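Working notes for the structure below.
In our numbering, the protein residues as written are 63 to 249.
Dropping the structure here:
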């Protein structure tokens, strides 16, 4: 009888989380649509959209295997240790989002000053970026093969630096895990 009650609560929690992710995804979509069609100045709405996008990226299918590994490892720890670990992982993820925000602020205003969203140049720029992402996706899936020596060296160095198994401190390992987890979600 007790197992059924636990399963019932687990199903309710799972359903609530799934519903929450769905709501966040829909809100992000509507936020993007309203922002893309807007000629208003960038303001608090963009900050909220960025925060929601960062939150949704944490649940990216690209990084689900990492999330399961993290949860399985933490299931044997005490609640206090698991909570502290989660805070450190969150801090690592927040650092990555802060770095993305800094790059967007630095480069985004320069690009926005030159390119308008619906202009011919803006459409060409978006097509170029989209095409580049498709080519890199095909390369990552090993459907096409070409070398980019500098890029490959930087990626290899980053993979070594972000390998949590090479870090002895649990606090640093959790921090790097959060940073790498969210990076994988965006990758």
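We treat Cβ as the ideally placed atom computed from N, Cα and C, and that holds for glycine.
Here the structure is a predicted model, which is why all the values come from computation and not from measurement.
Kindly indicate which three-state DSSP category residue 174 falls into: helix, strand or coil?
Collapsing the DSSP output to three states places residue 174 in a helix.
Compare the beta carbon distance of residue 155 and residue 243 with 9 Å and say whether it is the shorter of the two.
yes
Our contact map puts residue 147 next to residue 236 with C-beta atoms below 8 Å; I'd like the distance itself, whole angstroms only.
5 Å
As assigned by DSSP and simplified to three states, the class of residue 139:
coil
List the endpoints of the continuous alpha helix (DSSP H) containing residue 187.
182 to 202 is the extent of the alpha helix (DSSP H) around residue 187.
Residue 70 vs residue 153 beta-carbon contact at 9 Å
No, the pair does not count as a contact, with Cβ atoms beyond the cut-off.
Whole-number beta carbon distance between residue 177 and residue 183, since they are thought to touch under 8 Å:
5 Å
Mark residue 150 as exposed unless 16 or more other C-beta atoms lie within 10 angstroms of its C-beta, in which case mark it buried.
buried
Can you tell me whether residue 220 sits near the ligand ADP, meaning its C-beta is under 8 Å from at least one heavy atom of the ligand?
The model depicted lacks the ligand ADP and carries no ligand whatsoever.
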